[in-house]
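Under this note's numbering, the sequence shown is numbered contiguously, ending at residue 77.
Virtual Cβ for every residue (Gly too), placed ideally from N, Cα, C.
Computed from a predicted structure; not experimentally measured.
Working notes for the structure below.
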Amino acid sequence: MEKFLEMFIELMLVLLVFWMAANFWMRFLPSLATQLPLPIYEFLYAFTGAGEGISQDSLAD
């Protein structure tokens, strides 16, 4: 059980660092982020929560 807890904490730390890096990249370096392939950009956009305030209907147009 202790090993599982260590692995869980490490996974959470890795995800937190990835989220922080992706969030910084999407917010402060958007000109670089938009050069990524579309599926990767869309994943990072959704992962960072950058599009939470935008209705999905407006994106379909």
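State the DSSP-derived secondary structure class of Leu31, mapped to helix, strand or coil.
-> Reduced to three states, the DSSP call for Leu31 is helix.
Would you tell me roughly how many angstroms separate the C-alpha atoms of Phe44 and Leu29, rounded to the nearest one?
-> When rounded, the distance between both Cα atoms is 22 Å.
Using three-state DSSP, classify Leu54 as helix, strand or coil.
-> Here Leu54 sits in helix by DSSP.
Taking only the alpha-carbon atoms, compute the straight-line gap between Leu48 and Met17 and give it to the nearest angstrom.
-> In this structure, the CA atom of Leu48 is about 42 Å from the CA atom of Met17.
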